[in-house]
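Participant: From first to last, the protein sequence lines stand for chains A and B. Position in the first sequence counted from 1, then plus 7, gives you the numbering used here. Position in the second sequence counted from 1, then plus 7, gives you the numbering used here. Quick reminder that beta carbons are idealized off the backbone N, C-alpha and C, glycines included.
Number of protein chains: 2
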Amino acid sequence: MAIKLYGILRSPPALRAMAALFEKDLDFEFVPVDFATREQKTPQFLALNPFGEVPVFEDGDFKLFESRAITKYVAEAYADKGTDMVLKDPEKLAIQTMWMEVEGQKFDPTSSKLGWELYFKQMFGLTDEAVVARAGDKGGQKLEDVLDVYEQRLTESKYLGGDSFTLADLHHLPYLHILIGMKVKSLFDARPHVNAWASDILSRPAWVKVVSMSPK
Amino acid sequence: MAIKLYGILRSPPALRAMAALFEKDLDFEFVPVDFATREQKTPQFLALNPFGEVPVFEDGDFKLFESRAITKYVAEAYADKGTDMVLKDPEKLAIQTMWMEVEGQKFDPTSSKLGWELYFKQMFGLTDEAVVARAGDKGGQKLEDVLDVYEQRLTESKYLGGDSFTLADLHHLPYLHILIGMKVKSLFDARPHVNAWASDILSRPAWVKVVSMSPK
């Protein structure tokens, strides 16, 4: 197989890239990276990604890291396959790009912090409730503020980037999946348009396939 | 004039968008937003950007927020004007996009934290030296780690995104400008390729023009 994705199944960025590959109906080999032995910091792996992180994407000789760069490449290079996730009209594409920036700059920093506390650290009983409180569960502002803007946007547009499902939605999937399974679910329940959007995109077959591969 | 940029001259994201407009030789009106009276949180301004932040870009009836979405739109919509900042070859563009993601996800979080402590809070004597130490001045890891990867990349490639100056470089300008004027300059001095790259892009006429408009 020509396409390989190096990752671990607990890595939200790796799952983001995997979701894009499934949306494009591409065959690929998932290559597990052994974080237990710090394989991601070996010279061999650092040659693939100098930051020593997953995912890494290979398409023949062509290599990429950074999950959102991988999804964009896949969406554009395989435009004729699977789901079309990049809008054609230049102004509509600019609006899609704007919401992709919002995900990377506003949603991701708050949701990854919450995900880290509530999901990953919780496995070891290390959740810091003060961080959770600040990040939005109650009294906090930041994820709530982002979701308030999303609620307004989703009254005007079926999807975040425009009328159809695009990368602007797909990039949210890994942390949406994590947060909606946690006690911050109430933040979503309180916002009907956000909740309907999240249910819609989380039930896409490509994402369901990603989840079915993930450790329980 | 058809193009307007709403911002303040102390906002790194506003200066990022302005640099792109100057690189493209576009005429535009800079519309100052009065942060002292919290104009950015008024209903009128929230209609332009629901996050209540600058910059906001207007091109006739078309509106955008998020600085990196603005630079991309400007670079693509005005492809025939000024500096070409988007590579044409799809694989080269994917590599450029990857380094744009690195800026947004790795360089910006560390450099904006340092810039906030050393530049903005310093104006009021509020710099938190513990944050500075953790973020990379001495003993810290994060900005240093990013710059180590940049040093390696810039031994292989004249610019971060490829052989020519692109948005992958331009997006760094506001925080490069701030950090190189601060005590963390030593982090740049210690890395000759990063230092040469920074000097090169900071001396571009478009950026010099941005700096000449900024408050001293």
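In chain A, what lies closer than 7 Å to A76/B by C-beta?
Facilitator: Your numbering for residue 76/B matches position 69 in the second sequence. Ordered by position in chain A, the residues that pass the 7 Å Cβ test against A76/B are A101, T104, M105, E108.
Participant: Kindly indicate which residue of V201/A, L174/A, K95/A, L177/A has the alpha-carbon position closest to the one of I187/A.
Facilitator: As a position in the first sequence, residue 187/A is number 180, starting the count at 1. Ranking the options by Cα distance to I187/A, first place goes to V201/A.
Participant: Just by C-beta distance, which residues in the segment 150-182 of chain B are closer than 7 Å to chain A?
Facilitator: Listed by position along the chain: V156, Q159.
Participant: Using 10 angstroms around the beta-carbon of I105/B, count the other beta-carbons present and answer buried if the total reaches 16, otherwise exposed.
Facilitator: Within the second sequence, residue 105/B is the residue found at index 98, counting from 1. A small fix is needed here, since residue 105/B is Met in this sequence, not Ile. The residue is buried, with at least 16 neighbouring Cβ atoms inside 10 Å.
Participant: Just to confirm, does E73/B get its C-beta within under 6 Å of one of the non-hydrogen atoms of the ligand ADP?
Facilitator: Among the components modelled here there is no ligand, and therefore nothing to report on the ligand ADP.
Participant: Rounded to the nearest angstrom, what separates F64/A and K11/A at their Cα positions?
Facilitator: Along the first sequence, read from residue 1 onward, the residue named residue 64/A stands at position 57. Along the first sequence, read from residue 1 onward, the residue named residue 11/A stands at position 4. Taking the straight line from one Cα to the other gives about 6 Å.
Participant: Can you give me the Cβ contacts of F42/B inside the same chain, cut-off strictly under 7 Å, excluding the 5 residues immediately before and after it?
Facilitator: Here residue 42/B refers to the residue found at position 35 of the second sequence. Excluding sequence neighbours, F42/B sits near I15.
Participant: Can you check which of these residues, K165/B, D196/B, Q129/B, L174/B, is closest to E151/B by C-alpha distance?
Facilitator: In the second sequence, the residue the question calls residue 151/B occupies position 144. Nearest C-alpha to E151/B: D196/B.
Participant: Evaluate the contact criterion for the segment 150-169 of chain B versus the segment 70-87 of chain B: three or more CB pairs, one atom per stretch, below 8 Å.
Facilitator: Judged by Cβ distances under 8 Å, the segment 150-169 of chain B makes no contact with the segment 70-87 of chain B, as fewer than three pairs qualify.
Participant: Between the alpha carbons of S206/A and S210/B, how many angstroms are there, rounded?
Facilitator: Locating residue 206/A in the first sequence gives position 199, counting from the first residue. Locating residue 210/B in the second sequence gives position 203, counting from the first residue. Cα to Cα, S206/A sits roughly 49 Å from S210/B.
Participant: The beta strand (DSSP E) with D11/B in it runs from where to where?
Facilitator: The residue labelled residue 11/B in the question sits at position 4 within the second sequence. Here residue 11/B turns out to be Lys, not Asp, going by the sequence shown. From DSSP, the beta strand (DSSP E) with K11/B extends over 10-14.
Participant: Go ahead and label G146/B buried or exposed: buried means 16 or more other beta carbons lie within 10 angstroms of its beta carbon, across all protein chains shown.
Facilitator: Within the second sequence, the letter at position 139 stands for residue 146/B. Unreliable positioning characterises G146/B in this predicted model, as indicated by a pLDDT of 38, which lies under 50. A coordinate reading is not provided.
Participant: Name, please, each residue of chain A whose Cβ falls closer than 8 Å to the Cβ of G111/B.
Facilitator: Translated into the one-based positions of the second sequence, residue 111/B becomes position 104. Under the 8 Å cutoff, chain A gives E108, G111, Q112.
Participant: Helix, strand or coil, according to DSSP, for D207/B in the structure here?
Facilitator: Residue mapping note: residue 207/B aligns to position 200 of the second sequence, counting from 1. Three-state result, D207/B: helix.
Participant: From which residue to which residue does the beta strand (DSSP E) around P28/A run?
Facilitator: As a first step, residue 28/A is located in the first sequence; it is residue number 21 there, counting from the start. Reading the sequence as shown, one finds Leu at residue 28/A and not Pro. Per DSSP, L28/A belongs to no beta strand (DSSP E); it is in the alpha helix (DSSP H), 19-30.
Participant: Thinking just about the alpha-carbon of each residue, which of K95/B, P116/B, I102/B, K190/B is nearest to the one in T134/B?
Facilitator: Indexing the second sequence from 1 puts residue 134/B at position 127. Out of K95/B, P116/B, I102/B, K190/B, K190/B has the C-alpha closest to the C-alpha of T134/B.
Participant: Answer with buried or exposed for D68/B, where buried requires no fewer than 16 other C-beta atoms within 10 angstroms of its C-beta.
Facilitator: For the purposes of this step, residue 68/B is taken as residue 61 along the second sequence, with counting starting at 1. So D68/B ends up on the exposed side.
Participant: Please report how far the alpha carbon of L81/B lies from the alpha carbon of L28/B, in whole angstroms.
Facilitator: What you label residue 81/B is simply residue 74 of the second sequence in a count that begins at 1. What you label residue 28/B is simply residue 21 of the second sequence in a count that begins at 1. Before going further, note that residue 81/B is Val rather than Leu in the sequence given. Rounded to whole angstroms, V81/B to L28/B spans 7 Å at the Cα level.
Participant: Any beta carbon from chain A within less than 7 Å of P57/B's own beta carbon?
Facilitator: Walking along the second sequence from the start, residue 57/B turns up at place 50. With 7 Å as the cut-off, P57/B counts as an interface residue toward chain A.
Participant: Rounded C-beta distance between P20/B and V61/B? I'm assuming under 8 Å.
Facilitator: On the second sequence, position 13 is the one that residue 20/B refers to. On the second sequence, position 54 is the one that residue 61/B refers to. Correct: roughly 7 Å between the Cβ atoms.
Participant: Using only the alpha-carbon positions, how far apart do G177/A and E108/A sit?
Facilitator: The residue labelled residue 177/A in the question sits at position 170 within the first sequence. The residue labelled residue 108/A in the question sits at position 101 within the first sequence. Note that residue 177/A is Leu in the sequence shown, not Gly. About 13 Å.
Participant: Applying the 10 Å Cβ sphere with the 16-neighbour rule, what's the burial state of A76/B?
Facilitator: The residue labelled residue 76/B in the question sits at position 69 within the second sequence. Buried, by the Cβ-count rule.
Participant: What residue range does the alpha helix (DSSP H) around E163/B cover?
Facilitator: The residue labelled residue 163/B in the question sits at position 156 within the second sequence. E163/B -> alpha helix (DSSP H) spans 149-163.
Participant: With C-beta atoms as the reference, is R23/A less than 7 Å away from P181/A?
Facilitator: Indexing the first sequence from 1 puts residue 23/A at position 16. Indexing the first sequence from 1 puts residue 181/A at position 174. Yes, Cβ-Cβ distance for R23/A and P181/A is below 7 Å.
Participant: What does DSSP give as the partner residues of V70/A in its beta bridges?
Facilitator: Sequence index remark: in the first sequence, residue 70/A carries index 63 (1-based). Here residue 70/A turns out to be Lys, not Val, going by the sequence shown. E65/A.
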